[in-house]
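Heads up: the structure comes next, in structure tokens.
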């Protein structure tokens, strides 16, 4: 509604915002005049709604009250940059569905990435830089499919970068946060400066990530000092890891011996095309022959993970140890999931025999046995995927 060519409801929302937000009297809004004539306020040509609200550097202090700015549902531009605003972004910001530009940089906002903002599908520029936002950058930023500029630098964001559709993104900056893992391919077009100040980030324009299967370099074993105690793991954890690793190592060693023995005892047989064969993984896994032919991991039923071989190969990895049957790696996937991957060596078993033994291992349960979650078989590579125990 309008009285004397002004948006009455928007005026009430602005007055409520000003009355509930501390400011050093730099904003002089006279309630007796039209809101369209106030400093920082711009209305549409018909003066029927507030089109733009720009209040940069006017000394606003404290949190943004709910049910104030969130009522300006025709707003296209909102700039509150360079104030002393703090707290979390109100949930009712999701009502600003027509907003195109949102500038909240150089304040002291806290909390995680505001989910209410990810619902603003028409945003073209979003600047949350130089605040105190923390936690992960959510995949939901892809909801803002019209973004041309996304600025998140100088915050406390952590975790891995989500895969962001950057087709229309011209400017992007996440520098000086606490992000880790590999930079998604969709973001690799941006320069180093967009990612600087995140020591654990790799890939793209930065240093290459560690290859998933690096050759373990032998390191000197320090002499054991009497009475020395582990600073990182409890005695129970050390015993559990040792016992679990020993059980798996012994089973795999037995498996290899049986395979070699069987290979020597059996004469070679002519290869015949299988007819009507049952998928070998039917008994206890969620994958089948078709999946393995496509180079897929075979997961056991009831598993807690959802990733494929390509995700695993893109993960950053570090060598945990080298044993009789192969090398173990700690792998950190792009979404932050951590698993242990054991790369087997000198396995002479065919696919069916390998699978039978993997199913046997997958069904074994013991408090000191790390669960086997998935496996992978090819002529050149045999992998086991287990839980990572901190």
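In full-length UniProt numbering, the protein residues as written are 1 to 390. Note that beta-carbon positions come from the ideal geometry of N, C-alpha and C, so glycine has one too. From a predicted model like this one, the values you see are computed outputs, not experimental measurements.
| Query | Result |
| --- | --- |
| Residue 119 versus residue 209 - alpha carbon distance | 33 Å |
| Nearest-angstrom beta carbon gap, residue 34 and residue 42 [assumed within contact, 8 Å] | At roughly 12 Å, the Cβ-Cβ gap does not stay under 8 Å, so residue 42 and residue 34 are not in contact. |
| From 350, 375, 349, residue whose alpha carbon lies closest to that of residue 359 | 375 |
| Straight-line gap, residue 297 to residue 319 (C-alpha atoms, nearest Å) | 21 Å |
| Cα-Cα separation, residue 171 to residue 73 | 27 Å |
| C-alpha distance - residue 266 paired with residue 332, whole-angstrom precision | In this prediction, residue 266 has a pLDDT of 48, which is less than 50 and means its spatial position is unreliable; what the coordinates show is noted afterwards. Distance between the alpha carbons of residue 266 and residue 332 is about 42 Å. |
| Distance CB(residue 113)-CB(residue 132) smaller than 8 Å | no |
| Helix, strand or coil at residue 31 [DSSP, three-state] | coil |
| Residue closest to residue 103, alpha-carbon to alpha-carbon, out of 62, 54, 190 | 54 |
| Where the alpha helix (DSSP H) containing residue 188 begins and where it ends | Careful: residue 188 lies outside any alpha helix (DSSP H) and carries neither H nor E. |
| Whether residue 128 touches residue 93 by CB criterion (8 Å) | no |
| Proximity of residue 160 and residue 147 at Cβ, strictly below 8 Å | no |
| Pair within 8 Å by beta-carbon distance, residue 204 and residue 187 | yes |
| For residue 100 and residue 117, believed in contact at Cβ under 8 Å, the rounded distance | In fact, because the Cβ distance is near 13 Å, the residues do not count as touching under 8 Å. |
| Member of 165, 81, 192, 82 whose CA lies at the smallest distance from the CA of residue 143 | 165 |
| Three-way DSSP call (helix, strand, coil) for residue 70 in this model | helix |
| Residue 327 versus residue 372: straight-line alpha-carbon distance, rounded | 16 Å |
| Beta-carbon spacing of residue 5, residue 15 below 8 Å | no |
| Where residue 42 sits in the DSSP three-state scheme | strand |
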